[in-house]
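Asks: Numbering (my numbering), first residue to last: 18 to 358. Glycine is no exception: its CB is placed at the ideal position from the N, C-alpha and C atoms. Take a look at this one; I'll ask things after.
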(Lines of atoms letter the chains of each structure in order from A and count residues from 1; the text may use other names and numbers.)
(Lines give C-alpha, C1' and ligand atoms only; values in the text may rest on other atoms or scores of the structure.)
Protein backbone atom coordinates (compact mmCIF):
# COMPACT_ATOMS: atom_id res chain seq x y z
CA UNK A 1 0.00 0.00 0.00
CA UNK A 2 2.83 2.41 0.87
CA UNK A 3 4.70 1.57 -2.36
CA UNK A 4 1.50 2.16 -4.38
CA UNK A 5 0.87 5.45 -2.60
CA UNK A 6 4.41 6.63 -3.27
CA UNK A 7 4.11 5.58 -6.95
CA UNK A 8 6.62 2.72 -6.64
CA UNK A 9 4.59 0.14 -8.54
CA UNK A 10 6.35 -2.66 -10.39
CA UNK A 11 5.28 -1.17 -13.72
CA UNK A 12 6.88 2.22 -13.18
CA UNK A 13 10.32 3.17 -14.41
CA UNK A 14 11.34 4.50 -10.99
CA UNK A 15 10.70 1.13 -9.34
CA UNK A 16 12.64 -0.82 -11.99
CA UNK A 17 15.55 1.64 -11.98
CA UNK A 18 15.86 1.54 -8.19
CA UNK A 19 15.94 -2.25 -7.89
CA UNK A 20 18.18 -2.66 -10.95
CA UNK A 21 20.85 -0.47 -9.35
CA UNK A 22 20.93 -2.74 -6.28
CA UNK A 23 22.82 -5.44 -8.25
CA UNK A 24 26.11 -3.57 -7.92
CA UNK A 25 26.04 -3.93 -4.13
CA UNK A 26 26.12 -7.75 -4.08
CA UNK A 27 29.34 -9.00 -2.47
CA UNK A 28 30.47 -12.19 -4.18
CA UNK A 29 30.78 -13.68 -7.66
CA UNK A 30 29.26 -16.97 -6.53
CA UNK A 31 25.87 -15.26 -6.32
CA UNK A 32 26.02 -14.58 -10.06
CA UNK A 33 26.91 -10.88 -10.18
CA UNK A 34 30.05 -8.82 -10.59
CA UNK A 35 30.68 -6.65 -7.51
CA UNK A 36 31.64 -3.00 -7.87
CA UNK A 37 33.83 -3.13 -4.75
CA UNK A 38 35.11 -5.94 -2.46
CA UNK A 39 32.40 -5.71 0.21
CA UNK A 40 31.35 -8.57 2.43
CA UNK A 41 27.81 -9.71 3.07
CA UNK A 42 27.46 -7.78 6.33
CA UNK A 43 28.85 -4.58 4.83
CA UNK A 44 26.61 -4.96 1.79
CA UNK A 45 23.60 -5.40 4.06
CA UNK A 46 24.45 -2.16 5.88
CA UNK A 47 24.98 -0.31 2.61
CA UNK A 48 21.64 -1.52 1.29
CA UNK A 49 19.93 -0.46 4.51
CA UNK A 50 21.47 3.02 4.24
CA UNK A 51 20.51 3.25 0.58
CA UNK A 52 16.95 2.18 1.35
CA UNK A 53 16.71 4.69 4.20
CA UNK A 54 17.91 7.58 2.05
CA UNK A 55 15.59 6.62 -0.80
CA UNK A 56 12.56 6.47 1.48
CA UNK A 57 13.52 9.80 3.04
CA UNK A 58 13.80 11.53 -0.36
CA UNK A 59 10.50 10.09 -1.56
CA UNK A 60 8.78 11.12 1.70
CA UNK A 61 9.96 14.69 1.25
CA UNK A 62 8.41 14.75 -2.24
CA UNK A 63 5.18 12.80 -1.67
CA UNK A 64 4.14 13.12 2.00
CA UNK A 65 2.33 16.24 3.11
CA UNK A 66 3.85 17.99 6.12
CA UNK A 67 6.99 15.84 6.13
CA UNK A 68 9.89 17.64 7.77
CA UNK A 69 12.73 18.70 5.47
CA UNK A 70 15.81 18.55 7.70
CA UNK A 71 18.49 18.75 4.98
CA UNK A 72 20.23 15.51 5.98
CA UNK A 73 19.51 11.78 6.46
CA UNK A 74 20.39 11.40 10.17
CA UNK A 75 16.80 11.04 11.35
CA UNK A 76 17.84 9.62 14.74
CA UNK A 77 19.13 13.08 15.70
CA UNK A 78 15.65 14.47 15.12
CA UNK A 79 14.23 11.60 17.20
CA UNK A 80 16.49 12.45 20.13
CA UNK A 81 15.66 16.14 19.86
CA UNK A 82 11.95 15.34 19.73
CA UNK A 83 12.12 13.17 22.87
CA UNK A 84 14.30 15.70 24.71
CA UNK A 85 11.90 18.59 24.06
CA UNK A 86 8.91 16.46 25.06
CA UNK A 87 10.64 15.40 28.29
CA UNK A 88 11.59 18.94 29.31
CA UNK A 89 8.75 21.00 27.81
CA UNK A 90 5.88 18.54 27.49
CA UNK A 91 5.10 19.08 23.80
CA UNK A 92 6.36 17.77 20.45
CA UNK A 93 8.67 20.05 18.52
CA UNK A 94 7.62 18.49 15.19
CA UNK A 95 4.01 17.25 15.42
CA UNK A 96 4.04 15.56 12.01
CA UNK A 97 7.27 13.65 12.71
CA UNK A 98 7.06 9.93 13.59
CA UNK A 99 9.87 8.58 15.74
CA UNK A 100 11.44 5.25 14.88
CA UNK A 101 10.57 3.93 18.35
CA UNK A 102 6.86 4.30 17.59
CA UNK A 103 6.94 1.56 14.93
CA UNK A 104 6.06 -1.96 16.02
CA UNK A 105 8.64 -4.67 15.29
CA UNK A 106 7.40 -7.45 12.95
CA UNK A 107 8.78 -10.74 11.66
CA UNK A 108 9.45 -9.22 8.26
CA UNK A 109 13.14 -9.26 7.28
CA UNK A 110 15.11 -7.39 4.66
CA UNK A 111 18.32 -7.90 2.67
CA UNK A 112 19.37 -11.39 3.89
CA UNK A 113 16.42 -13.77 4.24
CA UNK A 114 16.12 -17.48 4.99
CA UNK A 115 15.96 -19.63 1.85
CA UNK A 116 15.86 -23.10 3.40
CA UNK A 117 12.70 -25.12 3.88
CA UNK A 118 11.56 -26.65 7.16
CA UNK A 119 12.88 -30.09 6.10
CA UNK A 120 16.32 -28.66 5.36
CA UNK A 121 16.33 -26.80 8.66
CA UNK A 122 15.31 -29.89 10.69
CA UNK A 123 17.85 -32.12 8.93
CA UNK A 124 20.65 -29.65 9.60
CA UNK A 125 19.63 -29.24 13.25
CA UNK A 126 19.73 -33.02 13.78
CA UNK A 127 23.13 -33.28 12.11
CA UNK A 128 24.55 -30.45 14.22
CA UNK A 129 23.31 -32.14 17.41
CA UNK A 130 25.25 -35.27 16.41
CA UNK A 131 28.38 -33.21 15.69
CA UNK A 132 28.13 -31.42 19.06
CA UNK A 133 28.24 -34.79 20.84
CA UNK A 134 31.66 -35.44 19.26
CA UNK A 135 32.90 -31.93 19.99
CA UNK A 136 32.05 -28.25 19.57
CA UNK A 137 31.15 -26.96 16.15
CA UNK A 138 34.01 -25.30 14.24
CA UNK A 139 34.45 -21.57 14.70
CA UNK A 140 33.14 -19.64 11.73
CA UNK A 141 34.42 -16.45 10.20
CA UNK A 142 32.54 -13.22 10.78
CA UNK A 143 31.08 -13.39 7.28
CA UNK A 144 29.74 -16.93 7.68
CA UNK A 145 28.54 -16.25 11.22
CA UNK A 146 26.56 -13.24 9.96
CA UNK A 147 24.91 -15.47 7.34
CA UNK A 148 24.01 -18.03 10.03
CA UNK A 149 22.50 -15.36 12.27
CA UNK A 150 20.51 -13.88 9.39
CA UNK A 151 19.13 -17.25 8.22
CA UNK A 152 18.76 -18.79 11.68
CA UNK A 153 20.97 -21.83 11.09
CA UNK A 154 23.94 -23.25 13.01
CA UNK A 155 25.97 -23.64 9.78
CA UNK A 156 25.75 -21.60 6.57
CA UNK A 157 24.36 -22.93 3.28
CA UNK A 158 27.12 -22.71 0.67
CA UNK A 159 27.46 -24.03 -2.92
CA UNK A 160 29.90 -26.72 -4.02
CA UNK A 161 33.30 -25.04 -3.81
CA UNK A 162 36.05 -27.51 -2.70
CA UNK A 163 37.32 -30.88 -3.95
CA UNK A 164 36.02 -32.79 -0.93
CA UNK A 165 32.44 -31.77 -1.69
CA UNK A 166 32.85 -32.55 -5.40
CA UNK A 167 34.20 -36.05 -4.70
CA UNK A 168 31.43 -36.70 -2.19
CA UNK A 169 28.83 -35.47 -4.65
CA UNK A 170 30.20 -37.71 -7.42
CA UNK A 171 30.11 -40.74 -5.10
CA UNK A 172 26.59 -39.86 -3.98
CA UNK A 173 25.36 -39.51 -7.56
CA UNK A 174 26.93 -42.76 -8.74
CA UNK A 175 25.14 -44.65 -5.95
CA UNK A 176 21.79 -43.44 -7.23
CA UNK A 177 20.02 -45.18 -10.12
CA UNK A 178 18.98 -43.67 -12.38
CA UNK A 179 20.72 -40.33 -11.98
CA UNK A 180 18.24 -38.40 -14.14
CA UNK A 181 15.39 -39.03 -11.66
CA UNK A 182 17.07 -37.33 -8.72
CA UNK A 183 14.87 -35.16 -6.48
CA UNK A 184 16.86 -32.08 -5.54
CA UNK A 185 14.76 -31.44 -2.40
CA UNK A 186 15.23 -34.97 -1.05
CA UNK A 187 18.90 -34.90 -2.03
CA UNK A 188 19.46 -31.67 -0.08
CA UNK A 189 17.74 -33.10 3.01
CA UNK A 190 19.77 -36.32 2.80
CA UNK A 191 23.01 -34.38 2.32
CA UNK A 192 22.37 -32.09 5.29
CA UNK A 193 21.39 -35.03 7.50
CA UNK A 194 24.33 -37.41 6.81
CA UNK A 195 27.29 -35.72 5.09
CA UNK A 196 27.76 -32.28 6.68
CA UNK A 197 30.82 -31.93 8.93
CA UNK A 198 31.21 -28.13 9.14
CA UNK A 199 34.84 -28.25 7.99
CA UNK A 200 35.03 -29.43 4.38
CA UNK A 201 31.40 -30.36 3.64
CA UNK A 202 28.78 -27.64 4.12
CA UNK A 203 24.97 -27.67 4.04
CA UNK A 204 23.29 -27.36 0.65
CA UNK A 205 20.04 -26.02 -0.71
CA UNK A 206 18.03 -27.68 -3.50
CA UNK A 207 19.14 -24.95 -5.89
CA UNK A 208 22.77 -25.93 -5.29
CA UNK A 209 21.99 -29.45 -6.49
CA UNK A 210 20.06 -28.25 -9.53
CA UNK A 211 22.88 -25.99 -10.70
CA UNK A 212 25.83 -28.24 -9.92
CA UNK A 213 24.34 -31.43 -11.38
CA UNK A 214 24.41 -29.85 -14.85
CA UNK A 215 28.12 -29.16 -14.54
CA UNK A 216 28.72 -32.65 -13.16
CA UNK A 217 26.83 -34.29 -16.03
CA UNK A 218 28.90 -32.36 -18.59
CA UNK A 219 32.06 -33.64 -16.92
CA UNK A 220 30.72 -37.20 -16.91
CA UNK A 221 29.91 -37.03 -20.62
CA UNK A 222 33.44 -35.81 -21.32
CA UNK A 223 34.90 -38.71 -19.33
CA UNK A 224 32.68 -41.25 -21.10
CA UNK A 225 33.66 -39.84 -24.48
CA UNK A 226 37.33 -40.04 -23.55
CA UNK A 227 36.96 -43.69 -22.57
CA UNK A 228 34.94 -44.64 -25.66
CA UNK A 229 37.58 -43.31 -28.07
CA UNK A 230 40.44 -45.23 -26.44
CA UNK A 231 40.98 -47.46 -29.50
CA UNK A 232 41.19 -44.46 -31.80
CA UNK A 233 43.66 -42.72 -29.49
CA UNK A 234 45.84 -45.83 -29.38
CA UNK A 235 45.91 -46.01 -33.17
CA UNK A 236 46.81 -42.32 -33.37
CA UNK A 237 49.70 -42.84 -30.93
CA UNK A 238 50.89 -45.81 -32.99
CA UNK A 239 50.86 -43.77 -36.21
CA UNK A 240 52.69 -40.87 -34.57
CA UNK A 241 55.39 -43.22 -33.31
CA UNK A 242 56.22 -44.51 -36.84
CA UNK A 243 59.52 -43.21 -38.13
CA UNK A 244 59.69 -41.89 -41.72
CA UNK A 245 61.11 -44.15 -44.44
CA UNK A 246 64.84 -43.96 -45.15
CA UNK A 247 66.10 -42.03 -48.18
CA UNK A 248 67.30 -43.74 -51.36
CA UNK A 249 70.97 -43.03 -50.60
CA UNK A 250 70.78 -44.50 -47.09
CA UNK A 251 70.91 -48.27 -46.61
CA UNK A 252 67.39 -49.63 -46.39
CA UNK A 253 66.25 -52.32 -44.02
CA UNK A 254 63.40 -54.04 -45.86
CA UNK A 255 62.26 -55.84 -42.74
CA UNK A 256 61.45 -52.56 -40.90
CA UNK A 257 60.63 -50.23 -43.83
CA UNK A 258 57.04 -48.99 -43.95
CA UNK A 259 55.64 -47.74 -47.25
CA UNK A 260 54.59 -44.10 -47.14
CA UNK A 261 52.46 -42.24 -49.69
CA UNK A 262 54.39 -40.45 -52.47
CA UNK A 263 55.14 -36.78 -51.90
CA UNK A 264 53.34 -33.97 -53.71
CA UNK A 265 54.68 -33.44 -57.26
CA UNK A 266 56.75 -30.30 -57.79
CA UNK A 267 55.38 -27.64 -60.18
CA UNK A 268 56.69 -27.27 -63.71
CA UNK A 269 59.65 -24.79 -63.81
CA UNK A 270 58.08 -23.12 -66.87
CA UNK A 271 55.08 -22.13 -64.73
CA UNK A 272 57.22 -20.33 -62.17
CA UNK A 273 57.72 -16.55 -62.21
CA UNK A 274 60.75 -14.54 -61.20
CA UNK A 275 58.89 -11.99 -59.10
CA UNK A 276 59.36 -11.74 -55.34
CA UNK A 277 55.63 -11.76 -54.66
CA UNK A 278 52.30 -12.26 -56.38
CA UNK A 279 48.74 -11.15 -55.56
CA UNK A 280 46.02 -13.77 -55.31
CA UNK A 281 42.54 -12.73 -54.19
CA UNK A 282 43.77 -9.30 -52.94
CA UNK A 283 46.35 -11.10 -50.77
CA UNK A 284 50.12 -10.83 -51.22
CA UNK A 285 51.99 -14.16 -51.43
CA UNK A 286 55.75 -13.91 -51.11
CA UNK A 287 58.16 -11.24 -49.88
CA UNK A 288 56.71 -7.74 -50.18
CA UNK A 289 59.28 -4.89 -50.47
CA UNK A 290 59.07 -2.19 -47.84
CA UNK A 291 58.47 0.57 -50.41
CA UNK A 292 55.69 -1.29 -52.20
CA UNK A 293 53.32 -1.15 -49.26
CA UNK A 294 53.91 2.49 -48.34
CA UNK A 295 50.78 4.65 -48.40
CA UNK A 296 50.73 8.34 -49.16
CA UNK A 297 49.34 10.77 -46.68
CA UNK A 298 46.67 13.26 -47.49
CA UNK A 299 48.17 16.05 -49.63
CA UNK A 300 51.44 14.19 -50.20
CA UNK A 301 52.52 13.64 -53.80
CA UNK A 302 54.92 11.10 -55.13
CA UNK A 303 58.31 11.71 -56.66
CA UNK A 304 58.53 12.92 -60.25
CA UNK A 305 60.02 10.67 -62.89
CA UNK A 306 63.77 11.33 -63.22
CA UNK A 307 63.90 10.73 -66.99
CA UNK A 308 61.16 13.21 -67.93
CA UNK A 309 61.35 16.85 -66.77
CA UNK A 310 58.23 18.42 -65.40
CA UNK A 311 56.38 20.58 -67.92
CA UNK A 312 55.91 24.28 -67.17
CA UNK A 313 52.53 25.72 -66.32
CA UNK A 314 50.65 27.32 -69.16
CA UNK A 315 47.38 29.17 -69.68
CA UNK A 316 44.94 26.75 -71.28
CA UNK A 317 42.89 29.62 -72.76
CA UNK A 318 45.96 31.06 -74.52
CA UNK A 319 46.98 27.61 -75.77
CA UNK A 320 43.47 26.97 -77.10
CA UNK A 321 43.48 30.34 -78.94
CA UNK A 322 47.17 29.98 -79.95
CA UNK A 323 48.29 33.00 -77.98
CA UNK A 324 52.10 33.68 -77.78
CA UNK A 325 52.08 34.56 -74.03
CA UNK A 326 50.67 31.29 -72.66
CA UNK A 327 53.72 30.75 -70.33
CA UNK A 328 53.51 34.21 -68.67
CA UNK A 329 49.73 34.75 -68.66
CA UNK A 330 48.16 34.95 -65.15
CA UNK A 331 45.63 32.34 -66.25
CA UNK A 332 48.25 29.58 -65.92
CA UNK A 333 47.54 29.34 -62.17
CA UNK A 334 44.45 27.82 -60.65
CA UNK A 335 42.96 31.09 -59.37
CA UNK A 336 44.19 33.44 -62.10
CA UNK A 337 42.23 34.65 -65.15
CA UNK A 338 43.46 34.93 -68.72
CA UNK A 339 44.65 38.44 -69.52
CA UNK A 340 44.54 38.22 -73.31
CA UNK A 341 41.35 36.24 -74.15
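On the DSSP bridge list, what partners appear for residue 300?
Replies: In DSSP, residue 300 forms a bridge with 297.
Asks: Could you compute how far the alpha carbon of residue 220 sits from the alpha carbon of residue 259?
Replies: 54 Å
Asks: So, using beta-carbon positions, are residue 148 and residue 154 closer together than 8 Å?
Replies: yes
Asks: Where residue 131 and residue 104 are concerned, what is the direct C-alpha to C-alpha distance, given to the nearest angstrom?
Replies: C-alpha separation (whole angstroms): 41 Å.
Asks: Would you check if the distance between the CB atom of residue 97 and the CB atom of residue 163 is smaller than 8 Å?
Replies: no
Asks: Do the CB positions of residue 363 and residue 209 come within less than 8 Å of each other?
Replies: Look at the range of the chain in this structure, 18 to 358, and you will see that residue 363 is not part of it.
Asks: Whole alpha helix (DSSP H) runs in the region 82 to 152 with 4 or more residues, listed along the chain?
Replies: List check, alpha helix (DSSP H) in window: 92 to 106 and 135 to 151.
Asks: Of the residues 150, 191, 126 and 211, which one's Cα is nearest the Cα of residue 169?
Replies: 126
Asks: Mark residue 122 as exposed unless 16 or more other C-beta atoms lie within 10 angstroms of its C-beta, in which case mark it buried.
Replies: Classification for residue 122: exposed.
Asks: Between which two residues does the alpha helix (DSSP H) holding residue 230 run?
Replies: Unbroken alpha helix (DSSP H) run through residue 230: 223 to 245.
Asks: So, does the CB of residue 260 fall closer than 8 Å to a CB anywhere in chain D?
Replies: Any reference to chain D falls outside this structure, which holds one protein chain only.
Asks: Could you check the C-alpha separation between residue 284 and residue 184 for me, to the nearest Å?
Replies: Distance from the CA of residue 284 to the CA of residue 184, rounded to the nearest whole angstrom, comes to 60 Å.
Asks: On a Cα-Cα basis, can you pick out the residue from 150, 138, 151 and 256 that is closest to residue 203?
Replies: Among 150, 138, 151 and 256, the Cα nearest to that of residue 203 belongs to 138.
Asks: Look at residue 115 and residue 93 and say whether their C-beta atoms are less than 8 Å apart.
Replies: No, these two residues do not count as a Cβ contact at 8 Å.
Asks: Between residue 100 and residue 109, what straight-line distance do the alpha-carbon atoms span, to the nearest angstrom?
Replies: 8 Å
Asks: Look up residue 162 in the DSSP assignment and say whether it is helix, strand or coil.
Replies: helix
Asks: In this structure, how does DSSP classify residue 182 when only helix, strand and coil are distinguished?
Replies: helix
Asks: Give the straight-line distance between the Cα atoms of residue 227 and residue 188, rounded to the nearest whole angstrom.
Replies: 17 Å
Asks: Does the Cβ of residue 314 have 16 or more other Cβ atoms within 10 Å, making it buried, or fewer, making it exposed?
Replies: Looking at its Cβ environment, which holds fewer than 16 other Cβ atoms inside 10 Å, residue 314 is exposed.
Asks: For residue 174, count neighbouring C-beta atoms within 10 Å of its own C-beta (all shown protein chains included) and say buried if the count is 16 or more, exposed if not.
Replies: Only buried fits residue 174, as 16 or more other CB atoms lie within 10 angstroms of its CB.
Asks: Could you pull out every residue in the same chain whose Cβ sits closer than 7 Å to the Cβ of residue 215, ignoring the five residues on either side in sequence?
Replies: Excluding sequence neighbours, residue 215 sits near 148, 154, 155 and 172.
Asks: Does at least one heavy atom of the ligand PLP sit under 7 Å from the Cβ of residue 61?
Replies: Ligands displayed in this structure: none; no statement on the ligand PLP is therefore possible.
Asks: Near residue 297, which residues of its chain fall below 6 Å by C-beta distance, leaving aside the five closest residues on each side in sequence?
Replies: Same-chain partners within the cutoff: there are none.
Asks: Whole angstroms is fine: what's the gap from residue 191's alpha carbon to residue 301's?
Replies: 58 Å
Asks: Comparing alpha-carbon positions, which option in 281, 294 and 84 lies nearest residue 305?
Replies: When 281, 294 and 84 are compared, the shortest CA-CA separation from residue 305 is found for 294.
Asks: Going by DSSP in three states, residue 50 sits in which element: helix, strand or coil?
Replies: Reliability fails at residue 50, whose pLDDT of 46 lies under 50, so the model's placement of it is uncertain and the value that follows must be treated cautiously. Coil, per DSSP.
Asks: Can you check which of these residues, 186, 282 and 334, is closest to residue 237 by C-alpha distance?
Replies: Relative to the Cα of residue 237, the nearest Cα in the group 186, 282 and 334 belongs to 186.
Asks: Look up residue 317 in the DSSP assignment and say whether it is helix, strand or coil.
Replies: coil
Asks: In whole angstroms, what is the alpha-carbon distance linking residue 329 and residue 288?
Replies: 46 Å
Asks: Kindly indicate the opening and closing residues of the alpha helix (DSSP H) around residue 213.
Replies: Neither: residue 213 is in no alpha helix (DSSP H) and is coded neither H nor E.
Asks: At what residues does the alpha helix (DSSP H) containing residue 58 begin and finish?
Replies: 58 to 80
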